[in-house]
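Numbering (the numbering used here), first residue to last: 155 to 335.
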């Protein structure tokens with residue numbers, strides 16, 4: 155994301171994916187097109203399923219790591235919002251299935267400095283985490299020994315620490331946010 159041409163291409167792809175994986179902004183489905191909404195939602199779910207089968211989370215992890223694993227992020231607020239929204243959509247659509255929670259933890263939540271940069275660039279994404287009680291779901295998921303062991307085996311030691319730090323960072327940023335209010 156540091157090279158301007160790459161950044162433009164990434165933005166184009168993310169915009170396309172944000173558009174084609176959620177029907178809420180499709181004007182054609184308002185009014186007379188309302189009856190098409192269930193079928194279009196099903197198509198969006200199929201697109202997300204296909205993306206996941208083709209390594210979508212791995213690609214998002216690379217984007218996030220290259221753009222955030224530094225003191226000053228190279229991702230814009232819009233890009234970070236799009237990436238995080240796209241990463242979360244399949245998890246929400248599958249109602250927090252173990253398989254997608256696992257992928258989300260391994261590829262997204264273990265990215266160094268993710269929560270720190272989210273809290274600075276796009277705090278509304280942290281609100282989404284709170285609304286869906288994701289940290290609680292992560293803890294429940296990881297409290298099962300086999301799940302925790304699987305996630306830790308998949309992550310390198312430093313990324314396991316990043317995953318641990320994610321929860322701690324969230325608590326710190328949440329405490330700072332509530333103390334300012």
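Yeah, the Cβ is synthetic: ideal placement off N, Cα and C, and Gly gets one too.
None of the values given here were measured: they were computed from a predicted structure.
Do you know how far the Cα of residue j is from the Cα of residue i?
| i | j | result |
| --- | --- | --- |
| residue 229 | residue 294 | 31 Å |
| residue 166 | residue 280 | 24 Å |
| residue 220 | residue 242 | 19 Å |
| residue 289 | residue 208 | 26 Å |
| residue 226 | residue 250 | 32 Å |
| residue 176 | residue 203 | 13 Å |
| residue 273 | residue 231 | 11 Å |
| residue 292 | residue 191 | 31 Å |
What did DSSP end up calling residue i once you bin it into helix, strand or coil?
| i | result |
| --- | --- |
| residue 208 | coil |
| residue 320 | helix |
| residue 175 | coil |
| residue 309 | coil |
| residue 182 | helix |
Rounded C-beta distance between residue i and residue j? I'm assuming under 8 Å.
| i | j | result |
| --- | --- | --- |
| residue 305 | residue 254 | So it is not a contact: roughly 13 Å between Cβ atoms. |
| residue 198 | residue 265 | So it is not a contact: roughly 25 Å between Cβ atoms. |
| residue 215 | residue 271 | Their Cβ separation, rounded to whole angstroms, is 14 Å, which puts residue 215 and residue 271 out of contact at 8 Å. |
| residue 244 | residue 206 | 6 Å |
(message) Just to confirm the assignment: which complete beta strand (DSSP E) runs, minimum length 3, are found wholly within the region 213-296?
(response) Listed in chain order, nothing qualifies, since the region 213-296 has no complete beta strand (DSSP E) run of 3 or more residues.
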